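Trainee: Here it is, the structure in full.
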Amino acid sequence: MLGAGLLDWESHVKAMQVKWLLKYLDASTSTWKLILDCWLARSSLGRAAILSSIPAKALTKSMRGNIALPQFWSQALDALRALALTQTSLSRDGMLSQPIWDNRHHPPPKIPPLLRDRWESLEVTVVHNTFSASNLCSSIVRSKGS
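Taking our numbering, the leading residue of the sequence shown gets 324, the next gets one more, and so forth.
In structure tokens, the structure reads:
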């Protein structure tokens, strides 16, 4: 609020835009989310791409050269990223769900793009994808026994 009891309109609009992006991330399904997926969820991270280090321009670029993402969503992505959200702590499950390639908190492994493409084609995109079920289970059993 400004001194005269007036709302800072620019901040209010940014807050509403971010609120809609957070609604986009929730688990509900709606037609508008499926349409927005055509722009924002094209990477292997799906909807979580908006929280990654994938450049905003890559997420919001036109799909076929003539179908542009409405400006509201591009501005919303800029507003969300301007918040510079950081994680203060991670649970075991949170750490396992971290993206390997486009992580805002950790640099990706230094490998040639061709190898990255191969890993992504094998759906190795988050940390838990790097463990086989048997290795993960046995490491959990070992850690509980220690």
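C-beta: ideal position from N, C-alpha, C; glycine also. This structure is a prediction, so every number in the text was calculated from the model and none was measured.
Assuming Leu-330 contacts Tyr-347 (C-beta within less than 8 Å), just tell me the rounded distance between them.
Mentor: Going by Cβ atoms, the distance from Leu-330 to Tyr-347 rounds to 24 Å, so no, they are not a contact pair.
Trainee: Comparing the CB of Ala-379 with every heavy atom of the ligand SAM, is any distance shorter than 8 Å?
Mentor: Of the ligands one can find in the structure shown there are none, so the ligand SAM has no counterpart to examine.
Trainee: Ignore the nearest five residues each way along the sequence and tell me which others in Val-447's own chain have a CB closer than 8 Å to its CB.
Mentor: Counting only Cβ-Cβ distances below 8 Å, and skipping sequence neighbours, we find Ile-423 and Thr-453.
Trainee: Candidates Asn-389, Arg-370, Gly-388 and Leu-406: which alpha carbon is nearest Ala-338's?
Mentor: Measuring from the Cα of Ala-338, the nearest candidate turns out to be Leu-406.
Trainee: Return the chain-ordered list of same chain residues with a C-beta closer than 6 Å to the C-beta of Lys-467, the five sequence neighbours on each side being excluded.
Mentor: Model confidence at Lys-467 stands at a pLDDT of 49, short of 50, so the residue's coordinates are unreliable; what they give is reported in the following sentence. Counting only Cβ-Cβ distances below 6 Å, and skipping sequence neighbours, we find nothing.
Trainee: Tell me which residue opens and which closes the alpha helix (DSSP H) that His-335 is part of.
Mentor: Element bounds for His-335: 332-348.
Trainee: Under the three-state reduction of DSSP, which class applies to Val-447: helix, strand or coil?
Mentor: Residue state, collapsed to three classes: coil.
Trainee: What does DSSP give as the partner residues of Pro-422 in its beta bridges?
Mentor: DSSP lists Val-449 as partners of Pro-422.
Trainee: Excluding the five sequence neighbours on either side, which residues of its own chain have a C-beta within less than 6 Å of the C-beta of Ser-367, listed in chain order?
Mentor: Cβ within range, chain order: Glu-443 and Thr-448.
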